[in-house]
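Heads up: the sequence shown begins at 33 in our numbering, then just goes up one per residue.
What follows is a set of notes on a single structure, which appears directly below.
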Amino acid sequence: MSRLRGFTLALSSVALVSAAQLGMRWSMTRLPLPAEWLNAPLVDPQALSVVALAIVAYALSMLCWLGALQHLPLGRAYSLLSISYVLVYLLAASLPGFNEPFSLSRTLGVALVILGVLTINSRRIGPISPRNTP
């Protein structure tokens with residue numbers, strides 16, 4: 033039960049941090065740079081709202097992450113964080129408004145990340161020892 037809770041918290045953290053990253057990216061394409069704030073016309077209130085929600089999502093993600101670290105071994109927990117790279121890439125490339133291109137090299141990289149996460153989190157057969165070898 034503890035391991036399931038750890039995976040649930042880790043994946044919740046990944047979902048929240050991915051949403052936060054996408055929200056920040058969306059907002060920053062609609063807001064002026066800090067150096068331009070004084071000369072900028074009205075600031076888009078919707079973009080500012082998304083920034084605020086993204087900050088809340090980051091905070092909630094951190095709380096979930098701290099809980100996940102209580103229930104999962106460090107190596108498994110950190111491998112799950114890599115899923116956020118996959119989510120952000122796939123969503124940014126497929127959702128309108130982000131204009132991120134799909135590419136073969138990025139897609140292969142994402143596939144390798146997924147393979148690595150699956151490898152790290154698969155059941156272990158056991159350590160290889162001299163007694164176990166033929």
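A virtual CB, placed ideally from N, CA and C, is assigned to each residue, including glycine.
Any beta strand (DSSP E) of 3 or more consecutive residues that is wholly inside the segment 35-68: none
Exposure of Q53, with buried meaning 16 or more beta-carbon neighbours within 10 Å: buried
Same chain, Cβ closer than 6 angstroms to A79, five either side skipped, listed in chain order: Once the five neighbours on either side are set aside, the close Cβ partners of A79 are S59, R62, L63.
Neighbourhood of S34 by C-beta, 8 angstroms cutoff - its chain only, sequence neighbours within 5 removed: H103
Cα-Cα separation, I115 to L98: 17 angstroms
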